[in-house]
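Engineer: Heads up: the sequence shown runs through residues -22 to -1, 1 to 132, numbered per mature numbering (1 follows the signal peptide of the UniProt record, and there is no 0).
Shown below is the structure under consideration.
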Amino acid sequence: MKIRTFAFLLLFTMMSCDGTLADFKIISFPTSKKKLEIAIDSLYSNYPEYRMPEKWKEHDSWSKRGYDFLESRIFYFKNEPEEMYYVTFVGEEETLKDTTHIDIAISSVYRRRTGNWNEEDFDKEEKIRIQTRFKREIISKLEKYTKTKAKEEN
């Protein structure tokens, strides 16, 4: 429990610092984390193109950047702009155990030619494009698998 509390405080501190991990809008699903994880696994099975391709494995730098304690998933988008979204489950240990809802958010966007980018590095138009792509291509499918309707927080 102390480790989880420390990890949460560390995450909060990093999110409040300039140039570090920061989330886009939070997406809340009225279901358990376990059911959403099953939905993500189904999405990867039915749409393997959203898995990180081998050529980008070297850019999976969560551990090197000190974020390996976060529970996250990566979604790859081949069509231009080619990019990966690092998506994390939002909350501390007790929040993640809640069976009535689970929150996720894009924590970082990676583009090969520009590297990792956090929410504050994008202008308003680009943030909207990223959130719209995520909702259209990923969230809509997860809603079907979970038989729920997600809502945007913030």
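Where a beta carbon is used, it is the ideal one built from N, C-alpha and C, also for glycine.
Could you round the C-beta distance between Phe7 and Thr126 to whole angstroms and report it? I think they count as a contact, below 8 angstroms.
Structural biologist: 6 angstroms between Cβ atoms; contact.
Engineer: For Leu120, does the three-state DSSP call read helix, strand or coil?
Structural biologist: Looking at Leu120 - three-state DSSP - the assignment turns out to be helix.
Engineer: Nearest to Ile116 by CA position, among Lys11, Ser10, Asp19 and Thr9, is which residue?
Structural biologist: Residue Asp19 is the option with its Cα nearest to Ile116.
Engineer: What are the boundary residues of the alpha helix (DSSP H) that includes Phe112?
Structural biologist: Per DSSP, Phe112 belongs to the alpha helix (DSSP H) from Lys102 to Phe112.
Engineer: What's the call for Tyr25, buried or exposed, on a 16-neighbour Cβ count within 10 Å?
Structural biologist: Exposed.
Engineer: Evaluate Ser118 with the Cβ neighbour count: other Cβ atoms within 10 Å of its Cβ, from every protein chain shown; 16 or more gives buried, anything less gives exposed.
Structural biologist: With fewer than 16 Cβ atoms within 10 Å of its Cβ, Ser118 is classed as exposed.
Engineer: Do Ile84 and Val65 come within 7 angstroms of each other at the CB atom, strictly closer than that value?
Structural biologist: Cβ distance < 7 angstroms, so Val65 and Ile84 count as in contact.
Engineer: Return the CA-CA distance between Glu131 and Phe2, expressed in angstroms with no decimal places.
Structural biologist: Their backbone Cα atoms lie some 10 angstroms apart in a straight line.
Engineer: In angstroms, rounded to a whole number, what distance separates the CA positions of Thr78 and Thr110?
Structural biologist: Cα to Cα, the separation comes out at about 25 angstroms.
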